[in-house]
Structures are given as C-alpha cells and as structure tokens.
Amino acid sequence: MSENNIIVAEATPRGVGAISIVRLSGDNCFTVAKSFMSGLPEDNPPESGKVCLVNLVDGEKVIDKATVVFYKSPYSYTGEDMVEIFCHGSPAIVSTIVSIAESLGARRARAGEFTKRAFINGKVDIITAEAINSLTRSMTKVGSSIAMSVMKGNLKTVIGDISKGMLLIQALIEAIIEYEEDIPVEGTMKRVNTELNELIKQLQRIEASYGAFKVLSGGANVVIVGRKNAGKTTLFNRMLGYERGIVSEHPGTTRDYIREPLHLGDDYLIYLTDIAGLGEVSDDIDMMATESARGVISNADILIFLVDVQYGWGGIEDKILGSLSDKEIVYVVSRADLCEEGVVKVFKKVESITGCKPIVISSITMQGIDEL
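Read in order, the letters of the sequence shown are residues -3 to 368 in my numbering.
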C-alpha cells in the first residue's frame, strides 16, 4: 500500500443523473471527508453505518447538500475506514468533491482499486473479486445471473473440488514413492490416471464455460459475411429494425464495417456487424475493404454466411468458407423472394457442402428473419 493511502473516486458512471456516489477509503479518510462537510453530528468518530445529512463546502461556499455514510474498519467494503458521499448527480459537483479530497491528501483511485483493497484486506477472494467486476460490466440479464452465481460461491465449490482432487493425486503418487513394496503400484497408478483424467475434464468444462460466459455477459460479436451484393446490408438493416447501412444495386457499396448493438429480448445482446463483400478485388480501396473485413471476421463469435439464391454456391463461396476456420457459422440462403424456384436447389447445395441446414430468408417479405 502506498504511503498516500487515502483514495477517492466516483463510484457511479460519469454523466448527469439524480444521484452520484463518491467514495473515499484509507486511514484518516474520515478526517479528510469531515474537512469539507458541515452539519455533521458531534460524534467523533462518526457513528459507523449511520446516514447523515450534511452540507458539502468548498471553503465558505456550500456546493451541495448530500447524505454521507462513514464505515469504520473493518466493517466496510474495502476493510478500511471508508466514506460514501451521496451527492446530486452533476458532473461539476462530483469533480469538485474529488478535487477537494485530492487537495486534502487523497489521490484518485485506479480502476478496480477499491475491490483490490477489499481482496488485500481479506474481504473478498480472487474469484469473488472477478465476479464483482463481471457483474458491474455485464450487459445482459443472463450475464448478471451467472456473475451472481459465482459470487454466491458456485465456482468456488468447483475449484475446491479440483483442489481436493489434486491433493489426492499428490498423496497417491507420494504413497507409491514411499511405500512401493507395501501397496499395489499398478492399481494405484490406474487410480491416479482416472483421477487425473477427471480433473482435466473439469478444467476443460470451466474453460469452455468461461468462453460462453464472456459472450453471454458482454454480448456476442455477430458478423454478416458473403459475396458482394448478396444482400448483407439489407439483412443488417432488417435485423436492426431501421435503415443503418446504405443499400444499392451496385456491388461493393459497403466499404467499411458498420457495427451496432442489438438486444434480443431482455436476456441477450449481440453486436451485429456488416462488412464489405468478399470475392474478387478490383482496386486498392477494394483491397483495404477486404483486409478490414477479414480483421472483423477474425474477432467474430458467430458468422452469418449469406448465399444469394441468384448466384447460388460457387467458387467465391468455396473461397470464403475456406477462410472461416474455427468459427461458429449460421448459413443463410438470401433473397428467396427473387428466385423461388432456385431456393430448393441452393438449399440442398449448401447443406451438402457444409452439412448444415441453412435458413431461407427474404429481407423484403421478412421470411425467416425471426428464425434467424
């Protein structure tokens, strides 16, 4: 901990609102906070956990009327003496409070420093600290629910079981080394292998679930790919529900990617991205657009691969598919309204090549959009 160990920061998001919260934590933070407050009870130190109505002052000038709570160590979030100031949500007021605290010896907290101090002081473990960070950053109900599950100790229980399994394996191996003549070595080694394989499976499940949690919590990156003029931007606009991208009959209209958030009910969030069409490169700008598109694809969680029913599946689609390794792909036959007789043929072609049944859509009639 640094010598200047009083930290201060706004605990609420920056911007205008009804209420903002400013926190101070560290030894002597009570003294710093009381220096710019008037109207406090005579209690010294202030009663821990009691809500007080005070005037916040800058010299002789009252800058706001606020409520304040003093938390005496160790009964606070950080485990240190801590103060929470509930002021009106003006950015100017918040900035003034933080500046006054700094002038009195506090320093601005680094990102996550309050939780870091809670960890150092034994108020939370590392798993809970990570869960708090995930909860505050979660963009979906599902992500919030998973983070709360971790905070309640579900992941801690799993990690505890893995730790016990590792200790058991260690004990079995040590027994073989120390008492080789007294125990069945072959049978014991079989048990070691069994336990070890189970641990590996548990760790693999945790790794896989973490990847899913990141997507469910922060939103999945979904990118629409396909040849030029396959209807990607039209689909992009229909999924968003408004005209975000420019649509033209001329191939290659989209040069740079467009990315927009799309909420799927209250539970899920995706970031939908429209990119330049892939295929033959005609000029330097086309080359830059293609390189930009491939960069976006590399960061995608899910790809929507459009196959235009008018063009069908050809060499361009083969080339595109060959570049999409290790990606979750949803195959879509687009523009079904323009060539109904070709839909079945293209559907079967896509299914035979990819092994997946494509979704048939029309961005004009809205066929298949809800399914997608």
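Glycine included, every Cβ here is placed at the ideal spot set by N, Cα and C.
What's the C-alpha gap between SER205 and LEU317?
Between SER205 and LEU317, the C-alpha separation is close to 27 Å.
Of all the alpha helix (DSSP H) runs that stay within the bounds of the stretch 13 to 88, which reach a length of 4 or more residues?
25 to 30
State yes or no: is the C-beta of THR132 within less than 9 Å of the C-beta of ASP263?
no
Measure from the alpha carbon of ASN295 to the alpha carbon of each residue in ASP314, ILE220, LYS345 and LYS344, then state which is nearest.
ILE220
Proximal residues to THR111 (C-beta, below 6 Å), its chain only, five neighbours per side dropped
ALA125 and ILE128
Can you tell which of ARG187, MET162 and CYS352 has its C-alpha closest to the C-alpha of LEU199?
Closest option to LEU199, Cα to Cα, is MET162.
Please determine if the stretch 344 to 354 and the stretch 318 to 327 are in contact, where contact requires at least 3 C-beta pairs separated by less than 8 Å.
yes
Rounded straight-line distance, which links the Cα of LYS152 to that of PRO180
34 Å
Alpha-carbon spacing of TRP309 relative to ASN233, whole angstroms
24 Å
Less than 9 Å between the beta carbons of TYR267 and GLY227, yes or no?
Result no, Cβ atoms of TYR267 and GLY227 do not sit closer than 9 Å.
Check whether the Cβ of LEU302 sits closer than 8 Å to any heavy atom of the ligand COA, and report yes or no.
As for the ligand COA, it is missing from this structure, which has no ligand bound.
Entirely enclosed alpha helix (DSSP H) segments - the stretch 261 to 311, minimum 4 residues:
Here the runs fully enclosed are 280 to 294.
Those residues which DSSP pairs with ASN217 across a bridge:
TYR267
Between the stretch 101 to 111 and the stretch 33 to 45, are three or more C-beta pairs nearer than 8 Å?
no
In whole angstroms, what is the alpha-carbon distance linking LEU302 and GLY222?
5 Å
Would ASN217 pass as a contact of ASP322 if the rule is Cβ separation under 9 Å?
no
Just how far apart, CA to CA, sit SER(-2) and ILE122?
For SER(-2), the pLDDT reaches just 46, beneath the cut-off of 50, and the residue's location in the model is therefore unreliable, although a value from the coordinates is still provided. Between SER(-2) and ILE122, the C-alpha separation is close to 21 Å.
Determine which residues share a DSSP beta bridge with GLU6 and list them.
VAL18
Does DSSP put LEU258 in a helix, in a strand, or in coil?
If DSSP states are grouped into helix, strand and coil, LEU258 belongs with the strands.
Considering Cα atoms alone, identify which of GLY156, LYS186, THR229 and LEU265 is closest to ALA208.
Selected option, being the one with the closest Cα: LEU265.
In chain order, what residues of the same chain have a beta carbon less than 8 Å from the beta carbon of ASP23, not counting five sequence neighbours either side?
The answer, listed in chain order, is ASN1, ILE2, GLU76 and ASP77.
For SER371, count neighbouring Cβ atoms within 10 angstroms of its own Cβ and tell me buried if that reaches 16, exposed if not.
In this structure the chain extends from -3 to 368, so residue 371 is not present and cannot be described.
Top-ranked residue by Cα proximity to GLY156, from PHE26, LEU195, THR350 and ILE312:
LEU195
Determine, for SER86, whether the minimum Cβ-Cβ distance to residues of chain B falls below 9 Å.
The chain labelled as chain B is not found in the depicted structure, where only one protein chain is given.
Under the three-state reduction of DSSP, which class applies to ASN0: helix, strand or coil?
Annotation note: pLDDT 48 at ASN0 (below 50); position unreliable, coordinate value reported separately. The answer is coil: DSSP assigns ASN0 none of H, G, I, E or B.
Count the other CB atoms, across all protein chains shown, that sit within 10 Å of the CB of GLY35; report buried if there are 16 or more and exposed otherwise.
exposed
For VAL90, which residues from the same chain have a beta carbon less than 7 Å from its beta carbon, with the 5 sequence-adjacent residues on both sides left out?
GLU6, SER16, VAL18 and CYS83
Extent of the continuous beta strand (DSSP E) run through ILE325:
324 to 330
VAL356 to LEU231 span [Cα, whole Å]:
12 Å
Below 9 Å between beta carbons: does that hold for VAL4 and GLU80?
No, the Cβ-Cβ distance between VAL4 and GLU80 is not below 9 Å.
Whose CA, out of LEU260, ALA285 and ILE281, lies closest to the CA of ILE254?
The residue with the shortest Cα to Cα distance from ILE254 is ALA285.
If I'm right that LEU258 touches MET235 with Cβ under 8 Å, what's the distance once you round it to whole angstroms?
6 Å
So what's ILE179 in DSSP terms, helix, strand or just coil?
coil
Going by beta carbon distance, what residues of the same chain come within less than 6 Å of LEU49, once the five residues before and after it are set aside?
Scanning its chain for C-beta atoms nearer than 6 Å, with the 5 sequence neighbours on each side dropped, one finds around LEU49 the residues THR63, in chain order.
Taking only the alpha-carbon atoms, compute the straight-line gap between ALA289 and GLU239 and give it to the nearest angstrom.
21 Å
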